[in-house]
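Residue numbers (our numbering), protein chains in the order written: chain S, 1 to 547; chain V, 548 to 1094. Positions of the beta carbon are idealized from the N, C-alpha and C atoms, including for glycine. I have placed the structure first, in the form of structure tokens, so that the comments after it can refer back to it.
2 protein chains.
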Amino acid sequence: MKQSQMFIPTMKEKPADAESASHRLLLRGGFIRQNAAGIYSYLPLGYKIIKKIETIIREEMDGTGSQELLMPAMQPAELWHETGRWDVYGPELMRLKDRHGRYFALGATGEELITSLVRDFLNSYKKLPMSVYQIQTKFRDEKRPRFGLLRGREFIMKDAYTFHDSAESLDKAYWDMYHAYCRIFERCGLKYRAVLADSGAIGGKDTHEFQALADIGEDTIAYSDSSDYAANLEMAAVLETDGSEKGDSLPLEKVSGNQEISGDIKIAAHWFKTRTDTVVVFIKAEDEINDVKVKNVLNTDLIEPLEDVNPDPINPEKDVLIFADNALKHLSRTAFYNKTEDATYFHLDPDRDLSIQQYDDLRFIKEGDLSPDGQGIIKFARGIEIGQVFKLGTKYSEAMNATYLDADGKAKPLIMGCYGIGVSRTLSAVCEQYHDDNGMIWPKSLAPFTIHLITVNPKNEEQFKLSDQLYQQLLNQGYDVLWDDRRERPGVKFADSELIGCPVQVIVGKKAAENIIELAARREKERVETSISEMASAISDLLETLD
Amino acid sequence: MKQSQMFIPTMKEKPADAESASHRLLLRGGFIRQNAAGIYSYLPLGYKIIKKIETIIREEMDGTGSQELLMPAMQPAELWHETGRWDVYGPELMRLKDRHGRYFALGATGEELITSLVRDFLNSYKKLPMSVYQIQTKFRDEKRPRFGLLRGREFIMKDAYTFHDSAESLDKAYWDMYHAYCRIFERCGLKYRAVLADSGAIGGKDTHEFQALADIGEDTIAYSDSSDYAANLEMAAVLETDGSEKGDSLPLEKVSGNQEISGDIKIAAHWFKTRTDTVVVFIKAEDEINDVKVKNVLNTDLIEPLEDVNPDPINPEKDVLIFADNALKHLSRTAFYNKTEDATYFHLDPDRDLSIQQYDDLRFIKEGDLSPDGQGIIKFARGIEIGQVFKLGTKYSEAMNATYLDADGKAKPLIMGCYGIGVSRTLSAVCEQYHDDNGMIWPKSLAPFTIHLITVNPKNEEQFKLSDQLYQQLLNQGYDVLWDDRRERPGVKFADSELIGCPVQVIVGKKAAENIIELAARREKERVETSISEMASAISDLLETLD
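Spelled out as structure tokens, the structure:
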């Protein structure tokens, strides 16, 4: 395509409010434009990349036997009432009323809609398993949209749903999807980790998140430095490492006031409320309490910290649940400041002095801890969540009465899995991994154009003629070529070319009359003079060396 | 694809509320499902067809040099305020408020958004012309959604926009689009007419609608029986046919009451209000007044009929505008009942007795009238509007201050064109033209699968083995094949096959052991026995004969 005819509004200046490299460079390269907070247009260059990502996704999803369909963005509120999510989802769910006063959600996710679509059809075990997917615009009214496409309010998502009559069938689909996701992200050129993630206490069982590694990532991944182990920070199990005998206890001492502590190990108490219970959890003061682990141990979907209230954990009310982190099992001399009494306890032996009902793994893992699989040491990395596979189980089918008849003619709820990929997020993640200060350096599989043909001075007849000839030649060879035929200063052209980031640059300049051009990879600074007779093989050799 | 694994919820019964063939058959064939009034899901079969239509559109749009982009569905209200359309558009515009209380429109059309996107970039005549398009879900809160996808509230549309610095440049783009549209609809197999349409008095100039011929169509097309002439009913000009001398007048007579009329030609008066004027239009009582023509003659964007008021047209107030249809120019003896006076006028000579300020073409054309191009006689047909090309001019660029600098450095508003295709409507229109009572008969270019391979009894080992072998063979030959491998009764299978409507059926039945299959075109009743050695050539011969 001729650049003079294209809509590529590059920006010289760094946009002030763009906090991440992907946000900044997608704007500067003319790939996207913001229309409102968290709402973007994909301009021709950006949309070319989106379509390439979508093609990769389609090929791999079709390969699993999944069928593409397209559900509407407007979802009747009645469906969300069936599962109770109309009330639970909160302000992130965009809602609107039609001219007749009927309420709709703008699809943030599609479980209700797909379950309503299949529940009449999937009435027999003979029709199972079944797998469907869609690539669709989704809506979530994020409180603080940021990082451009990374946390937007309108975004493109691939969501897939599978339906089964057994846990084994779901398991097979789950791992088929898992491996398809690996292929998708590999084909996009991404460095990523598939990490264990939290499925919540109610609903699913297994779930993995696919995290693209990037400093800007909002999630922390705990991974082993010497094995494949990776988990979301909140999911990483802490090994009980201290197998040594507990030391001797000393008599409990109580001193009024908040005393300085030395010798004893300081512990802290964290209070929570669930729908039914009040809970206190003791952990070492240097450790960080992990709400997700507390929630999972309590087998509840909701816990709220009680921050401003400070009941007495030493002499608790009768019905308070008292938990402690595993670490306390091995401690005989701890210290604790009890705010209620304004007193500090010394030589507190948790087992002896606290009415602990259960020890469990309730803290966040730390860098330097042993890896939970026993191999290596835990390190942290930041990740951008680009996909998730999830065993839903029967949460939605039960709520929405989506049943099939099994071989014995008995009605059972469909067993479901759901699987998401953030398409626009994937674009951002690729940006975070493939750029330098001057702009994008696209991997071959996603580059909007493979070759950027740059005519240094198009007013020069020889340069223009040679460029025109090479443009046709490269197109005939099957390359996707962007020809900068614009009458702009060379400085502008080269700056734009770096922003746009095509993998290979073919530069037609002063030596056009001698049939010599310059060839460069976008990621290198070096340009190599090449005669046009050797250009074809030089380009294919160069492409071989690139991601 | 194996039918046993596909989501094709066919329906035996005719859905009660489906008024049109396309609506009924898209539901019955398992192509779509309704989620709410005017809101549908495209199931795997239906979405395969949608994607084929989109591919044709993309190829032809790219061929015009237009660039694909994707704008968001959520459009900030501020943009619609700039053009005043937030207030003018009415209840068809879906609106919502985000969590911060900011208003958005769900895109019904994209003029505001695209103008806001390009206005900073297209700052020089050097960057013009430019052409962009998108294929996107659109929203319109139709009061009475009907006919399935034909008048839905959420639908897929291709909208394109071009930007120019001269009327000639716009004209070229307009006709390029016009011809691209012709190719698109031809490739979809549609019988259609490109018809002159109303552009409204303000805004654009030229506009054509593309109407697919179908009895269910909501628009009436007036076309010549012996030329290419075609126009929307309201746009078809009426020729002044009566060139004969006016007959002699007789003295005006006034008789009280509403008298029977014979001899004289009865005329009627129609009253309208514009933003500034009151207007009365006289036409022959047997003719139908054409509001659009009245509006265009008055060069206004709004007229309202005054139905309940009956001012005196014979003795009108001083500032009333008095118009008459061309037909009255040639009449000397007409009769008129004046309600205000409750009196009938006889021998009324319009020229002599009415203070007519202007004669013009103000009535609807009728079947049997001469064609406006002078060739042939006008006939009527019903059409489904599937596309429109429109010269917008500077309506949006002026309102939104989208200007470019011309060669003299003078700021001028961008000249715009816009061009739409209803993608889901096109699917419906194809259905209306390609079906019989039993289901769809898809044209080859859009068929979800070219070949339906039907195993009559998959429990029979010979039938199943041969089917499996033929399935692989046909796939290897590059055909898109749906294999009905389901353990269903033959009657169910053949009924489903007719509903699904693949162009070619390959039936593996009792003669499987003899390596004989049956071949049929979906549109014929006849099945032909073919040996499997001759199958390949028989299929390609058969396909040659089909649309």
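Residues of its chain near residue i, where Cβ-Cβ distance is below 7 Å and the 5 sequence neighbours each way are ignored
i                       : result
residue 853 of chain V  : 818, 819 and 820
residue 582 of chain V  : 588
residue 115 of chain S  : 396, 397, 400 and 402
residue 960 of chain V  : 941, 944, 945, 949 and 950
residue 954 of chain V  : 672
residue 275 of chain S  : 300 and 302
residue 1011 of chain V : 1002 and 1005
residue 565 of chain V  : 571, 574 and 695
Residues sharing a beta bridge with residue i, DSSP
i                       : result
residue 1028 of chain V : V:998
residue 570 of chain V  : The partner list for residue 570 of chain V (beta bridge, DSSP) is empty, contrary to what the question assumes.
residue 891 of chain V  : V:802 and V:884
residue 359 of chain S  : S:324
residue 271 of chain S  : S:280
residue 105 of chain S  : S:75 and S:95
residue 965 of chain V  : V:708 and V:937
residue 440 of chain S  : S:435
residue 2 of chain S    : S:483
residue 305 of chain S  : S:272
residue 587 of chain V  : V:581
Extent of the continuous beta strand (DSSP E) run through residue i
i                       : result
residue 706 of chain V  : 701-711
residue 767 of chain V  : 766-771
residue 608 of chain V  : Taken as a continuous stretch (DSSP letters only), residue 608 of chain V belongs to no beta strand (DSSP E), being part of the alpha helix (DSSP H) at 591-610.
residue 134 of chain S  : 130-139
residue 413 of chain S  : 411-413
residue 927 of chain V  : 925-940
residue 552 of chain S  : Absent from the structure is residue 552 of chain S, since the part of chain S shown begins at 1 and ends at 547.
residue 756 of chain V  : 754-760
residue 1053 of chain V : 1051-1055
residue 952 of chain V  : 950-952
Residues near residue i in its chain [Cβ-Cβ closer than 6 Å; skip 5 each side]
i                      : result
residue 231 of chain S : 195, 196 and 222
residue 869 of chain V : 827, 902, 903 and 904
residue 994 of chain V : 1049 and 1050
residue 892 of chain V : 801 and 883
residue 384 of chain S : 212, 214, 217 and 429
Closer than 9 Å to chain S by CB, residue i
i                       : result
residue 663 of chain V  : yes
residue 1043 of chain V : no
residue 561 of chain V  : no
residue 684 of chain V  : yes
residue 552 of chain V  : yes
residue 696 of chain V  : no
residue 986 of chain V  : no
Delimiting residues of the alpha helix (DSSP H) encompassing residue i
i                       : result
residue 980 of chain V  : 970-980
residue 1076 of chain V : Note, residue 1076 of chain V: premise wrong, no alpha helix (DSSP H); beta strand (DSSP E) at 1074-1078.
residue 469 of chain S  : 461-476
residue 839 of chain V  : 838-845
residue 1102 of chain V : With chain V covering only 548 through 1094, there is no way to say anything about residue 1102 of chain V.
Own chain residues within Cβ distance below 8 Å of residue i, not counting five before or after
i                      : result
residue 201 of chain S : Because residue 201 of chain S sits at a pLDDT of 45, beneath the cut-off of 50, its placement in the model cannot be relied upon, and the point is left open.
residue 732 of chain V : 739, 757, 759, 933, 934 and 973
residue 642 of chain V : 624, 650, 651, 652 and 653
Cβ of residue i within 9 Å of any chain V Cβ
i                      : result
residue 634 of chain S : It is not possible to answer for residue 634 of chain S, since the shown part of chain S is limited to 1 through 547.
residue 209 of chain S : no
residue 448 of chain S : no
residue 130 of chain S : yes
residue 154 of chain S : yes
Residue i: CB within 8 Å of a non-hydrogen atom of the ligand SAM
i                      : result
residue 996 of chain V : With respect to the ligand SAM, the structure offers nothing, as it holds no ligand at all.
inquiry  = Beta carbons nearer than 9 Å to chain V: which residues of the segment 57-89 of chain S have them?
reply    = 65, 67, 68, 69, 70, 71, 72, 73, 74, 75, 76, 78 and 79
inquiry  = Tell me which residues of the segment 11-36 of chain S have at least one Cβ-Cβ distance to chain V shorter than 7 Å, keeping chain order.
reply    = 33, 35 and 36
request  = Determine which residues of the segment 157-176 of chain S have a Cβ less than 8 Å from any Cβ of chain V, and write them out in chain order.
outcome  = none
ask   = the segment 327-351 of chain S: which residues have C-beta closer than 7 Å to a C-beta of chain V, in chain order?
value = none
request  = With 9 Å as the C-beta to C-beta threshold (strictly closer), list the residues of the segment 636-655 of chain V near chain S in chain order.
outcome  = 638, 639, 641, 642, 643, 644, 645, 646, 647, 649, 651 and 653
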